[in-house]
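Notes to accompany the following structure.
Chains as they are written, first to last, in full-length UniProt numbering: chain A, 1 to 313; chain B, 1 to 329.
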């Protein structure tokens, strides 16, 4: 197998080269329309969800549902209510916990494995690589996995949200591709200084692979943050659910949320009246925010051909 | 010169100035010596191998339960063997055939409607000269990739559902409404549009990378020879990304029987079983939910084997037309 790591990016010239013909006005307009529409299709729904979560009951009523421009004022009451709700608060905690612990564990295991397989001509690396890659193309299916995790006591246990999907072979191959590209001279220099493999990984390879480490950390973190099916499969009790299950049950399936104080009027004492929709959108926003905050900073790393490097691995 | 105690393979200076008659040093080490030299590397790989054995390979062995009548109290060892009974049942089950049909139809719709979009977007984006505009657009279109299907469906529901923004607007303007989210007839298009919304932006990355690797001087030379922008696109750009396009197609074939399991599961209640039953949901509902594990496992095994055959066949096809496919031949 050939490994093509970080491809040489031929920088596109910033100015239009002299030989290139001037763009036509129609072409420019068409391009602009397509790109603006693409961006709008993604941003408008996100904007409306955030807006609705901040809307007063009056704004929601005036809009007849999802709010574009809050004509009846805005409020943070929805957030006050969801942070008062033990069910949601706990699900937020479960989501954060599985994301932090899961990502740390996955990164630890994946980085070690990627480095262990990245030294040319090492003992058994072809066999080990094959053991990894086979799992990408054949899986035993849902049922045996479910029976196994249940037999190991994962049913009703938080570890079932982390361990079964803790290693992603694809991510390991991306990391491996980059580790292999680490300058041989630097590794050799570390060797001459008496550094073993662990030392080399820690003080030579990792510091020179920060970008790819950040990208893979993000990918793992987002997978844990968005994890839904494992919770559905293994956690029957809504007191243990992560945020995604809360959204699935109370927004998509539209079951009334227990303890939210919105189902019966009597429980509204001390709370400003708020539309159930705003409450639901506040939970959705809560789940969106980490993604919206973190991923834009990583954008420039994504483009470094990270994925291509791995696919060819 | 390096001494024999140095780990690692032949060093650059050895390659450039080989000692006549001396084989490369790596060959001198016996397997045992190599094992001893690399034991710390092997320790590093161990946790992953253990996790894969437990959560990937043991379940693979667990597929034997497809040939049993699994009983939760007897386990794998004591459950009775029934040969191909589960498969006979499966292949005479109209619901299974319906699930297979849905899977293939949705997969085909996605191949036709989804597959070209990232390529077109990447080509379009590649023509934008301003780095700032380009990275702004990239930032935005990558976002939905990180949304879970729960979020995507929730967002679609609030936009296009019966009480969503679109229908609210239609009602307010006395126009006929259309609850897209619960319409079984158009469900295959709905899931495709959701897929496009979520993944098309992220999908451009590989094509952008491929585009960036095209030798820029080719364009100048072609322009000097009088090739216009469309001819340059046809003769330089498209051949330049052909390898990646074929690779993505091969991978797509391998997942042709996987059509957004969570996506189907989440929308089952809204759109009904008929439209949303695919192989994975079949396995889940008739295996896990109905406690009929061997039956669900048979469906899962059928899918796994067929997927493997598909990807190998697609890869062979890629080699036949002179592309690398998954690996270089």
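The C-beta atom is built at its ideal place from N, Cα and C for all residues, glycine as well. Here the structure is a predicted model, which is why all the values come from computation and not from measurement.
- Scanning its chain for C-beta atoms nearer than 7 Å, with the 5 sequence neighbours on each side dropped, one finds around residue 198 of chain B the residues 144, 145, 147 and 152, in chain order.
- Apart from sequence neighbours up to five positions away, no residue of its chain approaches residue 36 of chain B with a beta-carbon distance below 8 Å.
- Per DSSP, reduced to three states, the secondary structure at residue 225 of chain A is helical.
- Its Cα nearest to that of residue 126 of chain B, the residue B:233 stands out among B:292, B:170 and B:233.
- Residue contact check for residue 318 of chain B against chain A: no CB pair falls below 8 Å.
- With its beta carbon less than 8 Å from one in chain B, residue 148 of chain A belongs to the interface.
- Residues of the stretch 35-48 of chain B with a Cβ closer than 9 Å to any Cβ of chain A, in chain order: 35, 36, 37, 38, 39, 40, 41, 42, 43, 44, 45, 46, 47 and 48.
- Here the stretch 97-116 of chain B does not lie against the stretch 247-255 of chain A, with fewer than 3 beta-carbon pairs under 8 Å apart.
- Chain-ordered, the chain A residues with CB closer than 9 Å to the CB of residue 172 of chain B read 64.
- The beta carbons of residue 179 of chain A and residue 118 of chain A sit about 4 Å from each other, so the pair counts as a contact at 8 Å.
- Taking the Cα of residue 106 of chain A as reference, the smallest distance to any Cα among B:155, B:85, B:48 and B:87 is reached at B:48.
- Closer than 8 Å to the CB of residue 303 of chain B there is at least one CB belonging to chain A.
- For residue 206 of chain A, no chain B residue has a Cβ inside 7 Å of its Cβ, as the nearest lies near 13 Å away.
- In this structure, DSSP gives residue 274 of chain A a state outside helix and strand, which the three-state scheme calls coil.
- Between residue 299 of chain B and residue 96 of chain B, the C-beta gap is smaller than 8 Å, which places the two residues in contact.
- Scanning its chain for C-beta atoms nearer than 7 Å, with the 5 sequence neighbours on each side dropped, one finds around residue 118 of chain B the residues 200, 203, 204 and 207, in chain order.
- Residue contact check for residue 48 of chain A against chain B: a CB pair falls below 8 Å.
- In the three-state scheme derived from DSSP, where H, G and I count as helix and E and B as strand, residue 68 of chain B is classed as strand.
- The stretch 163-174 of chain B makes no contact with the stretch 237-253 of chain B: fewer than 3 CB pairs, one atom from each, lie closer than 8 Å.
- Looking from the CA of residue 156 of chain B, the closest CA among A:49, A:301 and A:38 belongs to A:49.
- Chain order gives the chain B residues near residue 226 of chain A as 146, 147, 148, 149, 150 and 151, where near means a beta carbon separation below 9 Å.
- In the DSSP assignment, residue 74 of chain A forms a beta bridge with A:55.
- Proximity to residue 99 of chain A across A:165, A:187, A:29 and A:47 peaks at A:165, based on C-alpha coordinates.
- Excluding the 5 residues flanking it on each side, residue 284 of chain B has same chain C-beta neighbours closer than 8 Å at 261, 265 and 296, in chain order.
- A straight-line Cα-Cα distance of about 13 Å links residue 111 of chain A and residue 208 of chain A.
- Taking 8 Å as the cut-off between beta carbons, the residues of the stretch 272-284 of chain B near chain A are 280, 283 and 284, in sequence order.
- A:92 is the residue among A:206, A:92, A:196 and A:177 whose C-alpha sits nearest the C-alpha of residue 289 of chain A.
- With a 10 Å radius around the Cβ and a threshold of 16 neighbouring Cβ atoms, residue 303 of chain B comes out buried.
- Fewer than three Cβ pairs drawn from the stretch 192-205 of chain A and the stretch 72-86 of chain A lie within less than 8 Å of each other, which leaves the two stretches out of contact.
- Listed along chain B, no residue sits closer than 8 Å to residue 71 of chain A by beta-carbon distance, the nearest being about 13 Å off.
- For residue 91 of chain B, the enclosing alpha helix (DSSP H) stretches over residues 85-91.
- The Cβ atoms of residue 293 of chain B and residue 114 of chain B do not sit closer than 8 Å to each other.
- The Cβ neighbour count for residue 291 of chain B, taken over all protein chains shown within 10 Å, is under 16; the residue is labelled exposed.
- Chain A has no Cβ within less than 8 Å of the Cβ of residue 99 of chain B.
- Contact between residue 114 of chain A and residue 176 of chain A is confirmed by a C-beta separation of about 4 Å, below the 8 Å threshold.
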